[in-house]
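**Q**
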Amino acid sequence: MKSAVRDAGLSALVALGLFAPLIGLVTENGDHGLELRGRPLAAAAVVVLVFLGRLLMLTRAAHIAPPVVSGPSPAMVRAGRALAPALLVFALVLPFGGSRYYVDLATLVLTYIMLGWGLNVVVGLAGLLDLGYVAFYAVGAYSYALLAVNFGLGFWSCLPLAGILAAFWGVLLGFPVLRLRGDYLAIVTLAFGEIIRIVLNNWVSLTNGPNGITGIPRPTLFGLRFSMDGGEGTFAGFFNMEPETIQRVIFLYYVILGLALLTNWFTLRLRRTPLGRAWEALREDETACRSLGINVTNTKLTAFAIGAMFGGFAGAFFATRQAFISPESFTFIESATVLAIVVLGGLGSQLGVALAAIVMVGGLELLRAFLSFLADQMGSPIFAGIANELPLYRMLIFGLALVVVMVLRPRGMVSTRTPTVLLVARGQG
Amino acid sequence: MAYALQQLINGITLGMIYGLIAVGYTMVYGIIGMINFAHGDIFMIGAFLSLIALLGLASLGITAVPIALALTLIFAAALAALYGWTVERVAYRPLRGSFRLAPLISAIGMSITLQNFVQVSQGARVKPMEALIPGGFQIMEADGFAVRLSAMQIMIVVTTLCVLAIFTWLVTRTPLGRRMRACEQDLRMASLLGIDTDLTISVTFIIGAALAAVAGLLFLLYYGAIDFFIGFIAGVKAFTAAVLGGIGSLPGAVLGGLLIGLIEVFWSAYFSVEYKDVAAFSILIVALIFLPTGILGRAEVEKV
Amino acid sequence: MLSVTGLTMRFGGLKAVDDLSFEARAGEITAVIGPNGAGKTTVFNCITGFYRPSEGGIVLTDAEGARFALDRMPGHRIASRAKVARTFQNIRLFAGMTVLENLLVAQHNVLIRASGFTLLAVLGVGRYRAAEAHGLEKARHWLDRIGLIDRADDPAGALPYGAQRRLEIARAMCIDPVLLCLDEPAAGLNPRETDALNALLLAIRADGCTLLLIEHDMGVVMRISDHIVVLDHGKKIADGTPAEVRADPAVIAAYLGEGDEDEEAA
Chain A
1 MKSAVRDAGL
11 SALVALGLFA
21 PLIGLVTENG
31 DHGLELRGRP
41 LAAAAVVVLV
51 FLGRLLMLTR
61 AAHIAPPVVS
71 GPSPAMVRAG
81 RALAPALLVF
91 ALVLPFGGSR
101 YYVDLATLVL
111 TYIMLGWGLN
121 VVVGLAGLLD
131 LGYVAFYAVG
141 AYSYALLAVN
151 FGLGFWSCLP
161 LAGILAAFWG
171 VLLGFPVLRL
181 RGDYLAIVTL
191 AFGEIIRIVL
201 NNWVSLTNGP
211 NGITGIPRPT
221 LFGLRFSMDG
231 GEGTFAGFFN
241 MEPETIQRVI
251 FLYYVILGLA
261 LLTNWFTLRL
271 RRTPLGRAWE
281 ALREDETACR
291 SLGINVTNTK
301 LTAFAIGAMF
311 GGFAGAFFAT
321 RQAFISPESF
331 TFIESATVLA
341 IVVLGGLGSQ
351 LGVALAAIVM
361 VGGLELLRAF
371 LSFLADQMGS
381 PIFAGIANEL
391 PLYRMLIFGL
401 ALVVVMVLRP
411 RGMVSTRTPT
421 VLLVARGQG
Chain B
1001 MAYALQQLIN
1011 GITLGMIYGL
1021 IAVGYTMVYG
1031 IIGMINFAHG
1041 DIFMIGAFLS
1051 LIALLGLASL
1061 GITAVPIALA
1071 LTLIFAAALA
1081 ALYGWTVERV
1091 AYRPLRGSFR
1101 LAPLISAIGM
1111 SITLQNFVQV
1121 SQGARVKPME
1131 ALIPGGFQIM
1141 EADGFAVRLS
1151 AMQIMIVVTT
1161 LCVLAIFTWL
1171 VTRTPLGRRM
1181 RACEQDLRMA
1191 SLLGIDTDLT
1201 ISVTFIIGAA
1211 LAAVAGLLFL
1221 LYYGAIDFFI
1231 GFIAGVKAFT
1241 AAVLGGIGSL
1251 PGAVLGGLLI
1261 GLIEVFWSAY
1271 FSVEYKDVAA
1281 FSILIVALIF
1291 LPTGILGRAE
1301 VEKV
Chain C
2001 MLSVTGLTMR
2011 FGGLKAVDDL
2021 SFEARAGEIT
2031 AVIGPNGAGK
2041 TTVFNCITGF
2051 YRPSEGGIVL
2061 TDAEGARFAL
2071 DRMPGHRIAS
2081 RAKVARTFQN
2091 IRLFAGMTVL
2101 ENLLVAQHNV
2111 LIRASGFTLL
2121 AVLGVGRYRA
2131 AEAHGLEKAR
2141 HWLDRIGLID
2151 RADDPAGALP
2161 YGAQRRLEIA
2171 RAMCIDPVLL
2181 CLDEPAAGLN
2191 PRETDALNAL
2201 LLAIRADGCT
2211 LLLIEHDMGV
2221 VMRISDHIVV
2231 LDHGKKIADG
2241 TPAEVRADPA
2251 VIAAYLGEGD
2261 EDEEAA
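Chains as they are written, first to last, in the working numbering: chain A, 1 to 429; chain B, 1001 to 1304; chain C, 2001 to 2266.
1) The beta strand (DSSP E) with Ile2033 of chain C in it runs from where to where?
2) Can you tell which of A:Val103, A:Glu35, A:Val5, A:Leu115 has the C-alpha that lies nearest to the C-alpha of Ala316 of chain A?
3) If I measure Cβ to Cβ from Thr1113 of chain B and keep anything under 7 Å in the same chain, skipping five residues before and after, which residues do I get?
4) Could you check whether the Cβ of Met2073 of chain C sits closer than 9 Å to any Cβ belonging to chain A?
5) With a 10 Å radius around its C-beta and 16 neighbouring C-beta atoms as the bar for buried, classify Leu1060 of chain B as buried or exposed.
6) For Leu129 of chain A, tell me which candidate among A:Gly307, A:Glu389, A:Arg417 has the shortest Cα-Cα distance.
7) Taking 9 Å as the threshold (C-beta atoms), are Leu371 of chain A and Leu355 of chain A in contact?
8) Looking at chain A, is there any beta carbon in it that lies within less than 9 Å of the beta carbon of Tyr2255 of chain C?
9) For Glu2215 of chain C and Pro2242 of chain C, which I take to be in contact (beta-carbon distance under 8 Å), what is that distance rounded to the nearest angstrom?
10) If you measure between the beta carbons of Gly174 of chain A and Ala305 of chain A, is that distance less than 9 Å?
11) What residues match up with Thr2005 of chain C in a beta bridge as DSSP calls it?
12) For Phe2022 of chain C, which three-state DSSP category applies?
13) If we define contact as Cβ-Cβ less than 9 Å, is Thr437 of chain A a contact residue for chain C?
14) Please go through the same chain and pick out, in chain order, the residues whose beta-carbon is closer than 8 Å to the beta-carbon of Ile1156 of chain B, but skip the five residues on each side of it.
15) Just to confirm my understanding: we take Phe19 of chain A, look at its own chain, exclude 5 residues before and 5 after, and list those with CB closer than 7 Å. What are they?
16) In chain order, what residues of the same chain have a beta carbon less than 6 Å from the beta carbon of Ser70 of chain A, not counting five sequence neighbours either side?
17) Are the C-beta atoms of Arg179 of chain A and some chain B residue less than 9 Å apart?
18) Would you identify the three-state DSSP class for Ile2047 of chain C, choosing helix, strand or coil?
19) For Phe192 of chain A, which of A:Phe238, A:Ala82, A:Ser335, A:Arg181 has the nearest alpha-carbon?
20) Which runs of the alpha helix (DSSP H) at least 4 residues long sit entirely within the stretch 2157-2237 of chain C? Give them in chain order.
21) Who are the near neighbours of Asp1227 of chain B in its chain, counting only those whose CB is closer than 8 Å to its CB and skipping five residues on each side?
22) Throw me the rounded Cβ distance for the Thr2087 of chain C and Met2001 of chain C pair, which I believe falls under 8 Å.
23) For Val1236 of chain B, return the contacting residues in chain A, with the cut-off set at a CB-CB distance below 9 Å.
24) Can you give me the C-alpha to C-alpha distance between Leu2179 of chain C and Glu2168 of chain C, rounded to a whole angstrom?
25) Label Cys1162 of chain B either buried or exposed according to how many other C-beta atoms from any shown protein chain fall within 10 Å of its C-beta, with 16 as the threshold for buried.
26) Measure the CB-CB distance between Gly1216 of chain B and Met1129 of chain B and report whether it falls below 9 Å.
27) Please list, in chain order, all residues of the same chain as Ala1068 of chain B whose beta carbon is under 6 Å from its beta carbon, the five residues on each side excluded.
28) Kindly confirm or deny that the stretch 143-156 of chain A and the stretch 1252-1271 of chain B touch, where touching means at least three C-beta pairs closer than 8 Å.
29) Hey, could you find the ends of the beta strand (DSSP E) Glu284 of chain A is sitting in?
30) Thinking Tyr2051 of chain C and Met2009 of chain C are a contact (beta carbons under 8 Å), I'd like their distance in whole angstroms, please.
31) Output the boundary residues of the alpha helix (DSSP H) element that contains Glu365 of chain A.
32) Taking Cβ positions only, does Val1118 of chain B come closer than 9 Å to chain A?
33) Pull out every residue of the stretch 219-236 of chain A whose Cβ sits closer than 7 Å to any Cβ of chain C, in chain order.
34) According to DSSP, simplified to helix, strand and coil, what is Tyr112 of chain A?
35) Report yes if the CB atom of Asn2102 of chain C is closer than 9 Å to the CB atom of Arg2171 of chain C, and no otherwise.
36) Could you check the C-alpha separation between Gly2219 of chain C and Asn2036 of chain C for me, to the nearest Å?
This is how it looks when you write it as structure tokens:
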């Protein structure tokens, strides 16, 4: 106990050094240049928190044996099996129960789930750390936007094109760089993501630069438009309904749900093919793969291209949903968010990715909404303040989560691996 | 000609700053074979610590520039070193021996954390600061163009050279440096020979972070404006410098830094400012593909 | 079968292998032995394409008479075209994947062609199903031979050490090699496992596969090898049958050190 207090005291001392200047003193842009404002209470609070947290960690670790690393219990496995279908049913009926706010939020979550599943092929299965995934998202979005605005092509004809173009860029980048070792690959993809964004920002004649592209057409349902005039050739007109925006919102929701499920189906099938197995083998040991006659570069390239293709699909959807895109939507933060989702979900686990996206994207937004609701009800400025600041903390939480997950559970939240093939069919099923 | 000379001066100044950051990348890579993605953000934190120290000293009435700068340098380097030590202790050390991607992902998480921590605690706006060291000399004038060498540039180059001289002495002439080089050669063997490898790795992070903080201070003085995002771009560029010079090689890091600084400045001067980062990033990709061992690096032999 | 001529490999100023020539004849077990640091693994890495030799040629001639210049082929082609398989000194299994999956990955090139480069397999049409069944059959055959059929669905990394060694050999055999290169297959095995290994290697030879092995365990080498090449400091110092090599004074000197030449080899 005594040593724990001393240890926690040392941690607090370190925290004091770390946080006293950066939290305790704020540089503010005042009237006469920068001014320094003291914020001792906040710094003190953080230091006390570190002290208590460390103390708790040390004393608990002393009392409770470290958690035994073992497989999930049968009950958890059963719950896990039931979870995926339950989520699917929930996703299918959600638009009928929720308001526009929830459908919009669910659409956002599904976009991230789709991106997560796409990146999962690259990072989770093939073990290639791609920090520039947003580049392919951007290629997909801009491909559709430019084709639609300049040539009047529709969403459904552009969707495959957007995917193919993104995959093409994936191959173009991947071909030279996939021979590099893992950490080099990570930084090269990071650089590539930035290059794409800078080019989009500066090639004004093509992309309209930072002002972005507006008036991107919405998708149609078998040729039926979702416009507010309700006339001939519109969804509302065809079904004799009152035209409402919610119809389009729900339609877009089902489009992304369909795309995400397609991604999931395709990935799950791929995993069971020789290619999918080669990806996982590559993740485990590249040298052994080479000794077995597997063309390592080509195999990596397919993972890269297929991951990029899904990123491209998601990008095209993003463009059609927003009807407006600009380079600002394609920063490193997006890549980091998607990576965090994949890592938190457990590299390689489809269900884990979905759960991570729901918690990290949906959960945080719901928490914010709940806090501002509380603030309205109680007139409490504290809750209002937290609610306003919460989005700022999102990336901070993501970053910390990446570190904590790697340190505590390197294989993520859902870390069981299902074999792609079994010799003995497992009895009870 | 005069214009080119001016660019050469600017490029060397900028290159010195990149070189200082690159040393941190190359040291950590040499010793534990990982890219410390958070290193660029340590540089950014060094710049913020410097800014806070300068403002704090001014409010305490210490305005004599040499004293203020010296105190700031010590303050920023010491606290950035504490950040470097903490990052290694919290995010990397527990992962030694974990699976291949784990330290990389943890490092990226640390980078995101530090960046957003500063954004949240210090705000997202650019922090401008008036020039602390005005003045300079006009070296020559030709073709109606005056080539200037500012006092700031002289200070940056002199400070960098002094810091690097101390650092070189530390690595080549002290028992500490010998331990570091032993760990770089063979970590396991070094530990079998009784070297406290954990301690040596910590010291490596501390020194790297302190150098990055010096770079942060110089960056702040040179550009007179910083924000929470500077570490990202500068980090990638400094990493490019480390790769270009030959990762693992300390003189290579400085050489690479100079090259990147010169390329960036000349590119901006003769081609386009908008694409200056694209130039640096493209060099990274090209260097990794065609010159993976860099200019002064040694070839790595794959152990099978 | 395999002919190595004038092979030299330099790392910086160091010559790991110096002007080495030897033959591995078809249907035989050839052992490469030598003290630590003699350059054995380097020779292996040159043969299997992990290193590009500084000088010299490595030519493989298969039963149909096709010739492959291994020193000029990319690593994965050496396995897929020339059909040279290898194992590693420090076992390199796909530890997170099951035993069965390990054996299927080894049949990658056959299966991926049958899967219509993945498209047919994803859609679930065509001949892929039959090809996969055939692949599983081959895997089962090898699992039977190495006695791991009961552990087929366990992660490879969970197997005991000796079983991992056997699995690595089975995995290499799943590419249908004409030449199997084994890097210290007996290292770390207990006597019973060593006997099983000997039997397995002799059975593989009986099936018509040529073997090349690096080994420290002289018991294994002397018992199963048809032909032994002895290296010291990157140079060949002896070449012949086990009996010839055993009696060679140069070999005894290399193993027991200079000056001990009069003493008997253990």
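The C-beta atom is built at its ideal place from N, Cα and C for all residues, glycine as well.
**A** Once the coordinates are examined:
1) By one-based count along the third sequence, residue 2033 of chain C stands at place 33. Start and end: 2029-2033.
2) As a working mapping, residue 316 of chain A is identified with position 316 in the first sequence. Considering only alpha carbons, the answer is A:Leu115.
3) Against the second sequence, residue 1113 of chain B aligns to sequence position 113. Nothing listed; no residue qualifies.
4) As a working note, residue 2073 of chain C is residue 73 in the third sequence. Chain A, which has no Cβ nearer than 9 Å to the Cβ of Met2073 of chain C, makes this no.
5) Here residue 1060 of chain B corresponds to residue number 60 of the second sequence, with the count starting at 1. Label assigned to Leu1060 of chain B: exposed.
6) Working through the first sequence from its first residue, we reach residue 129 of chain A at position 129. Closest option to Leu129 of chain A, Cα to Cα, is A:Gly307.
7) Reading the first sequence from its first residue, position 355 is the one you call residue 355 of chain A. Reading the first sequence from its first residue, position 371 is the one you call residue 371 of chain A. No, the Cβ-Cβ distance between Leu355 of chain A and Leu371 of chain A is not below 9 Å.
8) The residue labelled residue 2255 of chain C in the question sits at position 255 within the third sequence. Not an interface residue.
9) Working through the third sequence from its first residue, we reach residue 2215 of chain C at position 215. Working through the third sequence from its first residue, we reach residue 2242 of chain C at position 242. That belief does not hold up - the Cβ atoms of Glu2215 of chain C and Pro2242 of chain C are roughly 12 Å apart, past 8 Å.
10) Counted from its first residue, the first sequence places residue 174 of chain A at position 174. Counted from its first residue, the first sequence places residue 305 of chain A at position 305. Yes, they are a contact pair.
11) Here residue 2005 of chain C corresponds to residue number 5 of the third sequence, with the count starting at 1. Looking at the DSSP assignment, Thr2005 of chain C forms a beta bridge with C:Gly2057.
12) Within the third sequence, residue 2022 of chain C is the residue found at index 22, counting from 1. Three-state DSSP puts Phe2022 of chain C in a strand.
13) Absent from the structure is residue 437 of chain A, since the part of chain A shown begins at 1 and ends at 429.
14) Counting from one through the second sequence, the residue named residue 1156 of chain B turns up at place 156. Excluding residues within five positions, the ones whose Cβ falls inside 8 Å are Thr1013, Met1016, Ile1017, Leu1218, Leu1221, Tyr1222.
15) Indexing the first sequence from 1 puts residue 19 of chain A at position 19. Taken in chain order, the residues that qualify are Ala43, Val46, Val47.
16) Numbered from its first residue, the first sequence carries residue 70 of chain A at position 70. Residue confidence for Ser70 of chain A is low, a pLDDT of 48 falling below 50, so the modelled location carries little weight and cannot support an answer.
17) Translated into positions along the first sequence, residue 179 of chain A becomes position 179. It does: the Cβ of Arg179 of chain A has a partner Cβ on chain B nearer than 9 Å.
18) The residue labelled residue 2047 of chain C in the question sits at position 47 within the third sequence. It is helical.
19) Working through the first sequence from its first residue, we reach residue 192 of chain A at position 192. The shortest C-alpha separation from Phe192 of chain A is found at A:Ser335.
20) 2161-2173, 2191-2206, 2218-2224
21) Numbered from its first residue, the second sequence carries residue 1227 of chain B at position 227. These residues qualify, in order along the chain: Ala1124, Arg1125, Val1126, Lys1127.
22) Counting from one through the third sequence, the residue named residue 2087 of chain C turns up at place 87. Counting from one through the third sequence, the residue named residue 2001 of chain C turns up at place 1. Their Cβ separation, rounded to whole angstroms, is 18 Å, which puts Thr2087 of chain C and Met2001 of chain C out of contact at 8 Å.
23) Mapped onto the second sequence, residue 1236 of chain B falls at position 236. Within chain A, the residues near Val1236 of chain B are Ile187, Leu190, Ala191, Glu194.
24) Here residue 2179 of chain C is taken as the residue at index 179 of the third sequence, counted from 1. Here residue 2168 of chain C is taken as the residue at index 168 of the third sequence, counted from 1. Rounded to the nearest angstrom, the two C-alpha atoms are 15 Å apart.
25) Numbered from 1 along the second sequence, position 162 holds the residue referred to as residue 1162 of chain B. Cys1162 of chain B comes out exposed.
26) In the second sequence, counting from the first residue as 1, residue 1216 of chain B sits at position 216. In the second sequence, counting from the first residue as 1, residue 1129 of chain B sits at position 129. For Gly1216 of chain B and Met1129 of chain B, no; Cβs fall outside 9 Å.
27) For this step, residue 1068 of chain B is matched to residue 68 along the second sequence. Closer than 6 Å at Cβ, skipping near neighbours: Leu1057, Ile1062.
28) no
29) By one-based count along the first sequence, residue 284 of chain A stands at place 284. No beta strand (DSSP E) contains Glu284 of chain A, which is instead part of the alpha helix (DSSP H) from 274-284.
30) The residue given as residue 2051 of chain C occupies position 51 in the third sequence. The residue given as residue 2009 of chain C occupies position 9 in the third sequence. Contact flag correct, Cβ pair sits at about 6 Å.
31) Here the question's residue 365 of chain A lines up with position 365 in the first sequence. Unbroken alpha helix (DSSP H) run through Glu365 of chain A: 364-378.
32) Within the second sequence, the letter at position 118 stands for residue 1118 of chain B. Val1118 of chain B counts as touching chain A.
33) none
34) Sequence index remark: in the first sequence, residue 112 of chain A carries index 112 (1-based). Helix, per DSSP.
35) As a first step, residue 2102 of chain C is located in the third sequence; it is residue number 102 there, counting from the start. As a first step, residue 2171 of chain C is located in the third sequence; it is residue number 171 there, counting from the start. Result yes, Cβ atoms of Asn2102 of chain C and Arg2171 of chain C sit closer than 9 Å.
36) Here residue 2219 of chain C corresponds to residue number 219 of the third sequence, with the count starting at 1. Here residue 2036 of chain C corresponds to residue number 36 of the third sequence, with the count starting at 1. If you take the alpha carbons of Gly2219 of chain C and Asn2036 of chain C, they lie about 17 Å apart.
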